[in-house]
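So the structure is just underneath, and the comments pick up after that.
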Amino acid sequence: WVAGEWPETNEGKAALESLIVVLESADLEHISDTFDSMHAVKGDSLRPIVPVLLQRERESPKHPCAAKLLTEFCLFLAPDNGTALPDQFGEIADVIVERHAKSPKLANFCELLGGMEWSPPWAAPFEPHLRRILEVNEDRFVRCSAKIALASIIQESGEDRQSEAAELFEEFLTEFDGKVKYHASSIEEMYREVAKRELKVIVSHGLGAKAPETIGLDLNGEKMALADYQGKVVLITFWATWCSPCMRMIPNEKALLKHFGKDGFAIVGVNSDTKVQSAREAVKKHEIPWRSFQNSNDGQNKISSRWRIPGYPTFYLLDSNGIVRKRWFGEQAVGVIAETIVRLMQKVASQQE
20 WVAGEWPETN EGKAALESLI VVLESADLEH ISDTFDSMHA VKGDSLRPIV PVLLQRERES
80 PKHPCAAKLL TEFCLFLAPD NGTALPDQFG EIADVIVERH AKSPKLANFC ELLGGMEWSP
140 PWAAPFEPHL RRILEVNEDR FVRCSAKIAL ASIIQESGED RQSEAAELFE EFLTEFDGKV
200 KYHASSIEEM YREVAKRELK VIVSHGLGAK APETIGLDLN GEKMALADYQ GKVVLITFWA
260 TWCSPCMRMI PNEKALLKHF GKDGFAIVGV NSDTKVQSAR EAVKKHEIPW RSFQNSNDGQ
320 NKISSRWRIP GYPTFYLLDS NGIVRKRWFG EQAVGVIAET IVRLMQKVAS QQE
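Throughout the sequence shown, residue numbering follows my numbering, covering 20 to 372 in sequence.
In structure tokens, the structure reads:
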């Protein structure tokens, strides 16, 4: 724990060296138990352990804890946002599918790629891994986690794969009907709700579809409509002052607007604070220049409900014709969003030539 939490200190460096020595000889079950209790620690500082970990797995590939340990280490290495995935994650993922694809201990690995509400941007290269697991694994929970993750990855892969994603969500609901009672029944039911929601999203405003008509009041009580931004590339940000990742994204959003704002780009917020005054104060404090809808006003249904937002922050990127081209969930690296904006802006420019 010290090695992961304070890697730059002398104590942290000494702890890492000691940990490597222990890993070279300790039983895999003891190693697995150790990492199982360290989920609060992120893995950047633990990357030097990966070669030792893989060597131990090669020495004991049939150990009952080998697959579980590899999965746990993937949890450490996975980034929180759109930042680049470390090479070691891919190395471990390859070992998992090459030698442990039938293991009943892979649910967390699959979940990491797309089970928890959405698929992160870095997960796309692991589509073949999930397909391999689904080919050979018979464990219900692993299959459940792999199937929903695969559908999520494909859904985020592009406009031309939306029908394929819908088919996979339908298959998921058929195979995992919620009627079998087992240790992960509650998680299976949660995944069923995700599948139902995303099927509706694909139909109503999936990638390549027209964004829902959105009208309401801004934070000052003035009327506003998403249609007011027709002709511009628009980033819709669903946010709230009680959402720490939302607030951390504000400097990134301001940077995007500063860079692209002169070229037909706009940001539109949807604020979910129950007290609109809290949002007004945040706008003033952080000097937020774009307008935000009030999520709910005048007894209307919440905008977040109509858009079926799974959590905060959520971002939708629309092209100049109001077509949904991309979405992101959670805190994102500014470069990830900027790259997509550039592509859309270039498309707009070419259409105007």
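Ideal Cβ positions, reconstructed from N, Cα and C, are used throughout, including at glycine.
Computed from a predicted structure; not experimentally measured.
* Report yes or no: do the segment 103–119 and the segment 133–152 share at least 3 C-beta pairs separated by less than 8 Å? => Flag = yes, the segment 103–119 and the segment 133–152 touch.
* To do: Please specify which runs of the beta strand (DSSP E), each continuous and at least 3 residues long, are wholly inside the segment 154–215, giving them in chain order.
  => Runs found: none.
* Asked: Who are the near neighbours of Ile-172 in its chain, counting only those whose CB is closer than 8 Å to its CB and skipping five residues on each side?
  -> Counting only residues of its own chain and dropping the five nearest sequence neighbours on each side, Ile-172 has a CB closer than 8 Å to the CB of Leu-132, Gly-133, Ser-138, Ala-142, Ala-143, Phe-145, Glu-146, Leu-149.
* Asked: Which same chain residues, not among the five before or five after Val-252, have their C-beta less than 8 Å away from its C-beta?
  -> So the list reads Phe-279, Gly-283, Phe-284, Ala-285, Leu-336, Leu-337, Asp-338, Ser-339, Ile-360, Leu-363, Met-364, Val-367, once near-sequence residues are dropped.
* To do: Write down the C-beta distance between Leu-42 and Leu-72 rounded to the nearest angstrom, noting that I regard them as a contact closer than 8 Å.
  => Confirmed, Cβ separation roughly 7 Å.
* **Ile-111 beta carbon less than 8 Å from that of Leu-89** => Yes. Within cutoff.
* Asked: Distance, Cα to Cα, Gly-104 vs Arg-180?
  -> The residue you asked about is not Gly; residue 104 is Leu in the sequence shown. If I take the Cα positions, the gap works out to 23 Å.
* Asked: What number of angstroms, rounded off, separates the C-alpha of Val-295 from the C-alpha of Lys-277?
  -> Rounded to whole angstroms, Val-295 and Lys-277 show a C-alpha spacing of 26 Å.
* Can you tell me whether Glu-241 is buried or exposed, with buried defined as 16 or more other CB within 10 angstroms of its CB? -> Using a 10 angstroms sphere on the CB of Glu-241, the tally of other CB atoms stays under 16, which defines it as exposed.
* To do: Return helix, strand or coil for Trp-347, following the three-state DSSP convention.
  => Strand at Trp-347.
* Starting from Ile-68, follow the beta strand (DSSP E) in both directions and report where the run begins and ends. => From DSSP, Ile-68 is part of no beta strand (DSSP E); its letter is neither H nor E.
* Is DSSP giving Trp-258 helix, strand or coil here? -> In the displayed model, Trp-258 falls within a strand according to three-state DSSP.
* **Phe-191 beta carbon less than 8 Å from that of Ala-170** => Taking 8 Å as the Cβ cut-off, Ala-170 and Phe-191 qualify as a contacting pair.
* Looking at the unbroken beta strand (DSSP E) that takes in Gly-288, where does it start and where does it end? -> For Gly-288, the enclosing beta strand (DSSP E) stretches over residues 284–290.
* Output the distance between the C-alpha atoms of Gly-354 and Glu-272, rounded to the nearest integer angstrom. => Going by the C-alpha atoms only, they are around 11 Å apart.
* **Gln-107 to Asp-46 span [Cα, whole Å]** => Roughly 22 Å separates the two Cα atoms.
* Asked: Candidates Lys-215, Ile-221, Glu-358, His-202: which alpha carbon is nearest Ser-182's?
  -> Looking at the Cα atoms, Ile-221 is the closest of the given residues.
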